[in-house]
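A short write-up of the structure that comes next.
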Amino acid sequence: MPHIKAYKQNEIIVKEGDTDQKIFVLISGTVAVYKNNKKISEYSNEGTILGEISPILNIPRTTTLKASSDTELYVYDYPIDELITLHPDFAIKLLKTIAARLVEATEKII
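Last residue of the sequence shown? That's 197 in the working numbering, and every number before it is there in order.
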């Protein structure tokens, strides 16, 4: 099961380059995403999945996540294969999240 962690406004959740494999789900608050110290996105919808790229690809963090306000997150701190096996519904939500972000990124390019 995930645990709940609270972050204060402006607190770093993960840093670009970190090697942890946690995945986060937003409970409340707002999380900003930074690439090379430039804010590229922000999320405030309950249930938003964050930090999924590194565990899926088994690479260091590609972005920094920072709490833009006081924030609570579910933290899944076990291997992605185990997460998907234990929570198959999470896998479907994860696929939908990735697809939606791909569409969003494509639209920004065009």
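Glycine included, every Cβ here is placed at the ideal spot set by N, Cα and C.
Through-space distance from residue j to residue i, alpha-carbon basis
i: I146; j: V162; result: 18 Å
i: K95; j: K180; result: 27 Å
i: L182; j: Q108; result: 18 Å
i: E98; j: I171; result: 28 Å
i: K126; j: Y165; result: 28 Å
i: I114; j: V120; result: 16 Å
Residue i - containing alpha helix (DSSP H), residue span
i: T193; result: 175 to 196
i: S115; result: Where S115 is concerned, there is no enclosing alpha helix (DSSP H), although the beta strand (DSSP E) it sits in stretches over 110 to 115.
Start-to-end residues for the beta strand (DSSP E) that takes in residue i
i: S156; result: Premise fails: S156 is in no beta strand (DSSP E) and is neither H nor E.
i: S128; result: 125 to 130
Member of the options whose CA lies at the smallest distance from the CA of residue i
i: E133; options: G116, K126, V120; result: G116
i: D105; options: S141, E169, M88; result: S141
i: R148; options: D168, S155, E103; result: E103
i: S131; options: S155, A192, V190, K122; result: S155
Contacting residues, own chain, Cβ-Cβ under 8 Å from residue i (five flanking each side not counted)
i: T184; result: T135, I136, E139
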